[in-house]
Each structure stands twice: as structure tokens, then as C-alpha cells.
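For reference, the structure is listed below as C-alpha cells.
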Amino acid sequence: SLKTEGVRCSVIGLASELHVCKRMATSTGGEHGVVLDDKHFLEQLKAHVDPPAAATRLDAALVKMGFPHHALHSTGTDTVISVCM
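Under the numbering used here, the letters of the sequence shown match residues -8 to 76, in that order.
See the structure below:
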């Protein structure tokens, strides 16, 4: 379901490599890494902080918008708003 929706998952493993995590990352186009020490953890984390490159071709989608039509002149059939205090 993640792959069909275009979700990319990346995993940073803290203890050992898990087959499930690695398969999820590779099948969705993400990255998988296992931390060796604290310095390596910071390198792995910083690699995920920057956003990935956008698609080379972005199709524009136009959203049809409009405003309701109002009558310029009131007629006798229009309702009148009155306020009583």
C-alpha cells in the first residue's frame, strides 16, 4: 500500500538489521542503514534531514473556482433581513 501511494520510507536501525525494515525501505525507494556508533548515527540522521529532490516533471493541476452570482437589484420577491432590538 505504501508503494502504490508513493510513500517513501527510510529506516535507521539502532541495534541490528531487520529484514522487514530493509525490505520496506528498498521497495518504497527509501534508504536503510544500521548505526555503528554515535558519529555514524549523526551522519545517518543528517542524510535524512534534507528533503529529497522533487520530481523532474510536475504536472500543473488547475482548480476551477467561482463566485456565486448576486442580483444587482432587489425585487419584491426577495427576502428582507430585519433586526429587532
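Backbone N, C-alpha and C define an ideal beta-carbon position, used for all residues, glycine too.
Can you tell me which of 56, 0, 20 and 5 puts its alpha carbon nearest to the alpha carbon of residue 30?
Comparing alpha carbon positions, the residue from 56, 0, 20 and 5 closest to residue 30 is 5.
My guess is that residue 8 and residue 16 are in contact by the Cβ rule of under 8 Å, so how many angstroms apart are they, rounded?
With 8 Å as the limit, residue 8 and residue 16 do not qualify as a contact, their Cβ atoms being about 11 Å apart.
How would you call residue 2, buried or exposed, if buried means at least 16 neighbouring beta carbons within 10 angstroms?
buried
Less than 8 Å between the CB atoms is what I'm expecting for residue 35 and residue 24, so what's the real figure, rounded?
5 Å
Where do the ends of the alpha helix (DSSP H) carrying residue 11 lie?
Taken as a continuous stretch (DSSP letters only), the alpha helix (DSSP H) holding residue 11 covers 10 to 18.
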